[in-house]
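Written out below as structure tokens is the structure these notes cover.
There are 2 protein chains.
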Amino acid sequence: MDETAPQKGTVTQRAIEQIKAMIAEGRLEPGQRLPTERDLAARLGISRSSMREAIRALTVLGVLEARHGSGIYVTQLEAGDLLETFGVVADLSRGPRLVELLEVRRILESTATALAAARITPDRLAEVEKHLTAMNATDDPEEILAHDLAFHREIAAAAGNDTMAAILEGLSSRTFRARVWRGYQEEGAFTRTRREHAAIHRALAARDPEAARAAAAAHVGEVEEWLRDRLAR
Amino acid sequence: MDETAPQKGTVTQRAIEQIKAMIAEGRLEPGQRLPTERDLAARLGISRSSMREAIRALTVLGVLEARHGSGIYVTQLEAGDLLETFGVVADLSRGPRLVELLEVRRILESTATALAAARITPDRLAEVEKHLTAMNATDDPEEILAHDLAFHREIAAAAGNDTMAAILEGLSSRTFRARVWRGYQEEGAFTRTRREHAAIHRALAARDPEAARAAAAAHVGEVEEWLRDRLAR
DNA sequence: ACCGGCAAAGTGGTCTGATAAATATGCGGG
DNA sequence: CCCGCATATTTATCAGACCACTTTGCCGGT
């Protein structure tokens, strides 16, 4: 006769699932505001502390957004929101998994670049070119890295698949790039990187998907191989 | 003269970053036990409630694991641990983003299947075959789905890239498959699916990466196209 | 000396209540 | 009609207590 659920897991875990379910079932729309912490806690029959833990969890997952003094809202649930956590994988990975991540990036980036070659608009291509020249015009590693990131980000965006772009963004997170690229470029890979970027841009300008795919794969593959070698030692 | 940090963001957010940093810097090893909640809170100068929120957040991210009565531990930080949250993306996506997710899956799955064709061991191939026959031997949709998932999971594992396998696992999460596959198979796609699975298995048995890639791409692409059509209406 | 069980200490899980800080609201004056 | 300020609402944080589960080690029996 026990009316109260099966009691599986912690109350916080259950609260997380219930809120997720509300969103999945459409009872909570993107951007919509939730009841207050106190209301929600009372409604699910748990304490405010536990409810806050659930909300915090969903916040770091990019599902909810808490605004101090205002309320709790469902995010737009766009790819960028939900895949932000992908960055922690890159940040906390080391050794062989870094190679695996680069392999995934190579696969996705080469496809994205190929798609971009077929779909990119002239103004976006100009934007890509801007970052390319800016990247080649400075010696500051920080600035180079920033334009490098932007260069690939524009291309990923041009591919027209936001989800893919968001994943690639995570795989190129600032700290990840900094950790791997640093060593790579210290070995005088600047000129090679420059040439590879030029090749990618050329393929995009020529609207040649296959060339773009090959150039992007080679670009990431170079780093991948370098890292593989370095780990072998 | 303010000795206390820049105060950016909430204290909980800062605690999350600090613990993440400890792990990234190697001061916390995989599997290692952390100080108690009370100690950690005191050490960072915050309340236990806030510390608990930070721990809960890192728990859902698959970075930490709390064991009631025992303590808090760093997970093994393997791909599977950290990418578990990828499933929520699939669970909370709808409309056009489902197509995008399928596109990502098609790209990764086709590559994974190609790699598997080159690397799969005989006993793992036998395992794949087992799920194939079991899938064809029953009419229960639930059982078919389970073997379908296992079929692709074995192949992804054989590709030798745990990270890729973990991502694919998220893209094939039970609820995701259930939502999309349901509609797809209701339209009598069983026989077609069966043929496609057979083609994939044949390519694996023949150790033919290109055939495997094509078969896998076609397999996912079929569903992708169906979903695209369905959304267009 | 070994072993089984039991008690106590340690630790995460939950609840309650209070205060601070940021935001939203509504009213009154210009 | 609009601006500004007092007030209410809401999240952020803290403090302290108790419960549930796990681990540890002692103690008695064999």
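Sequences listed follow chains A and B, in order. Position one of the first sequence corresponds to residue 1 (the numbering used here), numbered consecutively onward. Position one of the second sequence corresponds to residue 234 (the numbering used here), numbered consecutively onward. A virtual CB, placed ideally from N, CA and C, is assigned to each residue, including glycine.
Check, Outcome
"Does any residue of chain B bring its CB to less than 8 Å from the CB of M22(A)?", "no"
"Let's see if you can read the secondary structure: which residues bound the beta strand (DSSP E) around A305(B)?", "The displayed chain sequence assigns Ile, not Ala, to residue 305(B). That run of the beta strand (DSSP E) goes G304 to V307."
"Please decide whether D2(A) counts as near chain B, where near means a Cβ-Cβ distance under 8 Å.", "Model confidence at D2(A) stands at a pLDDT of 40, short of 50, so the residue's coordinates are unreliable; what they give is reported in the following sentence. Chain B, which has no Cβ nearer than 8 Å to the Cβ of D2(A), makes this no."
"Taking the alpha-carbon of A199(A) as reference, which of D229(A), D39(A), V104(A) and T113(A) has the nearest alpha-carbon?", "T113(A)"
"If L108(A) sits next to M22(A), beta carbons under 8 Å apart, how far is it from one beta carbon to the other, in whole angstroms?", "About 32 Å separates the two Cβ atoms, so there is no contact after all."
"Is there contact between the segment 239–254 of chain B and the segment 262–282 of chain B, where contact requires at least three CB pairs shorter than 8 Å?", "yes"
"Mind pulling the chain A residues with CB within less than 7 Å of I340(B)?", "I107, L108 and T111"
"Taking all protein chains shown into account, decide if T237(B) is buried (16 or more other Cβ within 10 angstroms of its Cβ) or exposed.", "At T237(B) the pLDDT is 42, less than 50, meaning the model places this residue with poor confidence; the figure from the coordinates comes in the next sentence. Burial call: exposed."
"Assign A189(A) to one of three DSSP states: helix, strand, or coil.", "coil"
"Starting from the C-beta of A166(A), find all residues in its chain whose C-beta is less than 6 Å away, skip the five residues before and the five after it, and write them out in chain order.", "A79, G80 and L83"
"Do we get a CB-CB distance below 8 Å when we pair L232(B) with the residues of chain A?", "Because residue 232(B) is not part of the residues shown, which for chain B are 234 to 466, the question remains open."
"Does the beta carbon of A114(A) come closer than 8 Å to any beta carbon on chain B?", "no"
"Using DSSP bridges, identify the partner residues of R300(B).", "G304(B)"
"Out of D208(A), T111(A), V180(A) and I19(A), which has the shortest C-alpha to C-alpha gap to L102(A)?", "V180(A)"
"Please confirm if M164(A) has its CB atom under 8 Å from at least one CB of chain B.", "yes"
"For the candidate residues V99(A), R213(A) and I55(A), whose alpha-carbon lies nearest to that of A159(A)?", "R213(A)"
"Given a cut-off of 8 Å, decide if L261(B) and R338(B) are closer than it, judged by their beta-carbon atoms.", "no"
"Is the CB of A158(A) under 8 Å away from at least one CB in chain B?", "no"
"Using 10 angstroms around the beta-carbon of A157(A), count the other beta-carbons present and answer buried if the total reaches 16, otherwise exposed.", "buried"
"Excluding sequence positions up to five away, which residues of its chain have a Cβ less than 7 Å from the Cβ of G295(B)?", "T308, D314, L315, E317 and T318"
"Below 8 Å on the Cβ atoms is my guess for E129(A) versus H201(A); work out the distance and round it to an integer in Å.", "6 Å"
"Per the DSSP calculation, R33(A) is bridged to which residue(s)?", "Y73(A)"
"Looking at the C-beta of A290(B), does it have a partner C-beta in chain A at a distance below 8 Å?", "yes"
"Determine which residues of the segment 354–372 of chain B have a Cβ less than 8 Å from any Cβ of chain A, and write them out in chain order.", "none"
"To the nearest whole angstrom, what separates the beta carbons of R207(A) and A117(A), a pair I think is in contact under 8 Å?", "6 Å"
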